[in-house]
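Structure first, then comments.
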Amino acid sequence: MTRNLESRDKDNDEPALRNPNLAVGNMNPRGSAVPDNISQKLRAKVRERVAFSLNSTPEVTNIERCTLDKLRSCLHCVGSSMDLRFFAKVFLEEIYRFDSPSIFPTDEGIFQYSQTRSVADQIDTEWNATNRLRALAGPADVPRPIAKSLSAKTIVWEEVRGTRLDHFVTWSRLRDPKGTATAAAMFSAGAWIRKVHDAFPQNGREVIDISRLIEAVPDMVQRESSYRYVRIATKLLERALVSVGGTGKLMAPIVFTHGDFSLPNLMWDTKLSQLAVFDFENSGYRSVFHDLTAIVFSLRASLLYPLIPKTVLVVAERSFWAGYGSISNKMLICIDALVSSHIFCGVLPRLYTRSKRHGWLAGVTASVYKSFLEDYVITSRLGIPAGFGESVNVPGN
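Here it is, written out as structure tokens:
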């Protein structure tokens, strides 16, 4: 259902609250003092937009939870309208800004790049991808899209039940210490994404070049971190290069991808043993490596947190591959190399800039982590032997 916004309640004393179209220009709190738990006035505007999109009224529409996304380009809202429970994205501007994960580092040395898209294109992209993937995977695995309104800059899905897998993993020591439920969820995730990859192949292949990564490592991290990360990352990639053989290049098939296939975008209902996949804003045709490195990185990065049982994560990764099915050993080696380079070049170096990004208290916790936990995490949880990579010559050191 697509609706065009028309003016309503013209005589209302506060037209910006009654007419979502008039409220658009005032909704983005970037640069203001509005916190992430948005103001009541802004919540009222959101309720107007969602109600309009649903062909309902604000009086029967309830916004229970509403938060800004990371780039403060849209609001994520959970609520209800009569007997319907929903999740809605309400866009704040005409242009939508979002980050796309990348399997290779950008020129800035980070593993993501920023994109912009018109809100109309973004709504159509997410709406079409949702319907396309529901047709393939069945209605149980992908939330049902309920309504969209280009003029209200809103898209609404039916709310799905369950727990986000990143939260599930975080609390696994208490809720799933043996990893049984996590393993079941990851098996389903592997089977689901394999179905997507096999269903939407496209002619063409992408070159995955390990040598390119080796050359890029020093430039990625030497500006802000110790050379230890450079040596470890380089050594891991050199080892992968030897294992792959030849020029260290693999030809990866181009397939339809989720675009950000990671734990935060998966939900698991333990009672029903049901997976739900959502957030298709980055979906499109790319290398098969894009989704596979994203989910493996999502699991491996959790090893950096000592309170999450390592056994749960190891079993989860093994279960994902069991669900995904056959894949060549060279592809597995390459995925492992890409994920490792991301951890040592894109994650651990950020400990050095944590205070600048999040304040002095965050800097203190980062310092404690580096002093007392980093060696344990690298050797015991990531499986990197002490002294690994010390023989690697780092330019400029």
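Residue 0 is where the sequence shown starts when you use numbering that gives the first Met the number 0, and the numbers rise one by one after that.
Idealized CB from N, CA, C, for every residue including glycine.
For the ligand NAP, is there a heavy atom less than 7 Å away from the beta-carbon of residue i?
i	result
Phe85	The ligand NAP is not among the ligands present in this structure, which contains no ligands whatsoever.
On a CA-only basis, which of the options is nearest residue i? Give me that one, please.
i	options	result
Val216	Val206, Ile207 and Tyr228	Tyr228
Pro384	Arg230, Lys355 and Arg356	Arg230
Asp290	Leu173, Ala190 and Arg380	Ala190
Ser187	Val49, Leu274, Leu91 and Cys333	Leu274
Phe97	His341, Asp68 and Ala232	Asp68
Ala315	Asp82, Ser38 and Lys177	Lys177
Tyr323	Arg380, Arg193 and Arg71	Arg193
Thr269	Val89, Ser150 and Val159	Val159
Ile342	Leu302, Ser242 and Leu265	Leu302
Ala128	Val89, Ser99 and His257	His257
Ser113	Leu70, Lys88, Glu125 and Thr124	Leu70
His75	Asp82, Val295 and Phe277	Phe277
Lys329	Tyr284, Leu91, Gly245 and Asp82	Gly245
Asp239	Lys44, Asp82 and Leu331	The displayed chain sequence assigns Ala, not Asp, to residue 239. Per the Cα distances, Leu331.
Asp259	Asp82, Gln111 and Cys73	Gln111
Lys44	Lys152, Glu214 and Ala119	Lys152
Leu265	Arg163, Tyr284 and Ala198	Arg163
For residue i versus residue j, is the C-beta spacing smaller than 8 Å?
i	j	result
Val287	Lys248	no
Lys234	Val391	yes
Thr66	Tyr95	no
Ala136	Arg204	no
Cys344	Val243	no
Pro263	Asp165	yes
Arg46	Pro57	yes
Pro100	Ala232	no
Gly161	Trp267	yes
Leu381	Lys369	no
Val311	Ser150	no
Glu125	Phe279	yes
Between residue i and residue j, what straight-line distance do the alpha-carbon atoms span, to the nearest angstrom?
i	j	result
Arg131	Leu236	37 Å
Arg143	Ala183	23 Å
Phe51	Ile62	13 Å
Pro19	Arg84	Its pLDDT being 39, under 50, Pro19 is placed unreliably by the model, and the measurement read from it follows with that caveat. Distance between the alpha carbons of Pro19 and Arg84 is about 21 Å.
Phe387	Tyr226	12 Å
Ala336	Ile209	8 Å
Ser339	Ala180	26 Å
Pro305	Asn54	48 Å
Arg64	Gly78	7 Å
Leu212	Gln39	48 Å
Asn281	Ile326	24 Å
Trp359	Leu372	19 Å
Ser117	Ser148	14 Å
Met185	Asn202	29 Å
Val254	Val59	42 Å
Pro200	Ala87	30 Å
Ala134	Ser379	43 Å
Ala365	Ser354	8 Å
Pro308	Phe167	12 Å
Val141	Glu389	47 Å
Ala146	Trp156	7 Å
Glu92	Leu271	38 Å
Val49	Val89	8 Å
Thr169	Phe296	15 Å
Ser72	Ile122	13 Å
Arg285	Ala119	23 Å
With 16 as the cutoff for other CB atoms within 10 Å, does residue i come out buried or exposed?
i	result
Ile154	buried
His196	buried
Val367	exposed
Pro348	buried
Ser80	buried
Ser261	buried
Ala321	exposed
Thr352	exposed
Ala139	exposed
Leu298	buried
Arg356	exposed
Leu173	exposed
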